[in-house]
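Student:
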Amino acid sequence: MTMNVSATSYRTKVVILGAGASGVAAASTLHKNGQDDFIIVEGQSFVGGRVQHATLGRSSVELGANWIYGKGTNPIYKLATQHGLKTAPNDKRDVAFFDDQGPLRQRLGLPVYDAFDELMEKTVMYAEERIAHNQVDLSSRAALRMLGWEPDTPLKAAVEYFAIEWELAEPAEVSSLEYATGTSDMTEGTFPFGNEFVVDHRGFNYILQEEANRFLKPNDSRLLLDTMVTRVRYDGPHGVVVHTANGDRIFADYAICTFSLGVLQSNSVEWIPAFPDWKREALLSFHMTTYTKIFLRFDHKFWDDWQFALYAGNDTREYTVWQNLNAPGYLPHQNQDDDNILMVTATYKASERLERLPDAQVADEIMQVLQRMFPHTTLPRPTGIVVPRWHTNPLFRGSYSNWPIGMLVEHHENMRAPLPIDDNDDASTSPRLWFAGEAMSPEYYGYLHGAWIEGQNIAGKILECLNKTCPPYRFHKRVRACNPTPRFRLQQ
Ligand SMILES: Cc1cc2nc3c(=O)[nH]c(=O)nc-3n(C[C@H](O)[C@H](O)[C@H](O)COP(=O)(O)OP(=O)(O)OC[C@H]3O[C@@H](n4cnc5c(N)ncnc54)[C@H](O)[C@@H]3O)c2cc1C
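Numbering (my numbering), first residue to last: 20 to 511.
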């Protein structure tokens, strides 16, 4: 056995696991309330988590979060405004349609698009009606069929994909009606006044880094970057002990875990004691999806000025949604002359499949689709390609969470519930390990603002714990069936 002689022990009041949006929001909240005794541990070499970018040509492209969903009181919109982040309005109605014979006339595409828009409004009303009658959740596919929709042509399938799978990263078959597609967020947006697409050469995570700079000094020893957490013991009488891959140990009164749902579902961190079954059941029931934004750079632009294009292929549902990063107002201060960039999205199982392919093979597949969309054009080979691999990345294991059919509110409360919990008396215990991060937000799971708000919420609870006693929380030792006397066989 080798011993790491340079291993360090740290002692702090609060250890924050992860320096994504939720971790930064948690630390910022502690700081604003006069609590600066915290340490943030992060496996990557930078602050931002799933908000990160890469360079393609001379442009910066967002690999993860890219859209600010609504303005008004959206905290991410407020940060973007404060830090002067460059954004462009996102208009999903600025869309061109293609099939295997090339461009489709707008008068063929738009009526189908509008019909699905109307159907989504009806889906929300249908979900609200079912909730009002306390009816069980349905899959979004069943609900769409109940309302008369069948995606029985490539165009209808592409239009549905754009509205549902391109947003949730999972198909209607597995997405909940009541908590996913049937929420008013899907039609009206989470916050009002429309969505913005970030096109800032400093990257979207500039706003998170600037927020972190408000409470961190240069080279602040309270931020441990490139540091992998391998084990967390949370049942000690005085707090938690966090072990890192380089042998360091961090002793803290409380921990806030902001690791993604994908990380919590995997075995990459050893939790001592192992999570109780009620928590495992909840974590394993929620879905970590994969959303892959593939960027291709060309030496000239052979497409029009649309923001979006939908490809309605006969024999594939992959590579359906395209985005033009050279649309008017996009890629500002960048080099439009040499950076002609298309972004195409893959989701769900298609993402997992292509993550196993080398980039060159992904490029070949995409070029075949593009050739069908532009049959009369001699297409240039891409001069660059970026293929993020979120599903296989051990720091994320997916892109964001989605509410699946079968998941109950009680499950979600169990996902969020801190540990350890005294089974006999949940109110009087002082749990040490608290959970924040995007997936734990009941209202805004999946979104960057959900991660931010949840980080603030949980830090607020930790402040209460530090001041006096921890606030109450909800958990359910057994999540029970809706039917109090379930029968699985019809009685004779
Ligand atoms: C492709 C994609 C597109 C998206 N698009 C949008 C969008 O347009 N708009 C929007 O609002 N949201 C979007 N999201 C979601 C948004 O990015 C997330 O909700 C948000 O960034 C999550 O923040 P977080 O702090 O909860 O988690 P994270 O950002 O995942 O932060 C957790 C941190 O923990 C670290 N970590 C994990 N395991 C360990 C370990 N063992 N040791 C040490 N550190 C560890 C990770 O490196 C990470 O930095 C998108 C996400 C992806 C991936």
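C-beta atoms are modelled at their ideal positions from N, C-alpha and C, and glycine is treated no differently.
1) Between the alpha carbons of Gly332 and Met386, how many angstroms are there, rounded?
2) For His72, which of Trp409, Arg268, Asn486, Thr27 has the nearest alpha-carbon?
3) Figure out for me which residue from Lys141, Arg375, Val218 has the closest Cα to the Cα of Gly103.
4) Within the stretch 393-463, note down every full beta strand (DSSP E) run reaching 3 residues or more, in order along the chain.
5) Starting from Asp115, trace the beta strand (DSSP E) in both directions and tell me its first and last residue.
6) Using a threshold of 6 Å, is the CB atom of Thr277 nearer than that to any non-hydrogen atom of ligand 1?
7) Can you say whether Leu283 is buried or exposed, counting buried as having 16 or more other CB atoms within 10 angstroms of its CB?
8) Rounded to the nearest angstrom, what separates Tyr180 and Leu482 at their Cα positions?
9) Specify whether the stretch 224-235 and the stretch 170-190 touch according to this definition: at least 3 beta carbon pairs, one from each stretch, less than 8 Å apart.
10) Exposed or buried, what is Arg336 when buried is set at 16 or more other beta-carbons lying within 10 Å of its beta-carbon?
11) Hey, quick one: how far does the alpha helix (DSSP H) through Ile472 stretch, first residue to last?
12) What is the residue span of the beta strand (DSSP E) that Lys312 lies within?
13) Do you know how far the Cα of Gly456 is from the Cα of Glu432?
14) Among Glu189, Ser240, Lys105, Ser203, which one has its Cα closest to the Cα of Lys141?
15) Rounded to the nearest angstrom, how far is the Cβ of Trp453 from that of Lys496, given a contact under 8 Å?
16) To which residues does DSSP link Thr364 through a beta bridge?
17) Beta strand (DSSP E) containing Ser28: first to last residue?
18) Is the beta carbon of Arg268 within less than 6 Å of some heavy atom of ligand 1?
19) Counting C-beta neighbours from all protein chains within 10 Å, is the total for Phe116 16 or more, i.e. buried, or is it exposed?
20) Along the alpha helix (DSSP H) that carries Leu123, what are the first and last residues, could you check?
21) Would you say Gln63 touches ligand 1, meaning its beta carbon is less than 6 Å from a heavy atom?
22) Ala46 and Ile59: beta carbons closer than 7 Å?
23) Using 8 Å as the Cβ pair cut-off and three pairs as the minimum, do the stretch 422-437 and the stretch 487-495 touch?
24) Assess, as a yes-or-no matter, whether the stretch 154-161 is touched by the stretch 372-385 under the definition of 3 or more beta carbon pairs within less than 8 Å.
25) Hey, how far is the Cα of Ser240 from the Cα of Thr27?
26) Report yes or no: do the stretch 303-320 and the stretch 386-406 share at least 3 C-beta pairs separated by less than 8 Å?
27) I'd like the ranges of any alpha helix (DSSP H) spanning at least 4 consecutive residues and lying wholly in the stretch 179-203.
Tutor: With the structure as the only source:
1) Taken atom to atom, the span from the alpha-carbon of Gly332 to that of Met386 is near 14 Å.
2) Trp409
3) Val218
4) 403-405, 419-421, 452-454
5) Looking at the sequence shown, residue 115 is not Asp but Ala. Ala115: member of the beta strand (DSSP E) spanning 114-118, first to last residue.
6) yes
7) Classification of Leu283: buried, given that the 10 Å Cβ count is 16 or more.
8) 43 Å
9) no
10) buried
11) 467-486
12) 310-317
13) 14 Å
14) Ser203
15) About 19 Å; that fails the 8 Å criterion.
16) Listed as beta-bridge partners of Thr364 by DSSP are Lys312, Val340.
17) Annotation: the continuous beta strand (DSSP E) that includes Ser28 extends over 28-36.
18) no
19) buried
20) No alpha helix (DSSP H) contains Leu123, which is instead part of the beta strand (DSSP E) from 121-123.
21) yes
22) It is a contact, given that the beta carbons lie within the stated cut-off.
23) yes
24) No, they do not touch.
25) 12 Å
26) yes
27) 184-187
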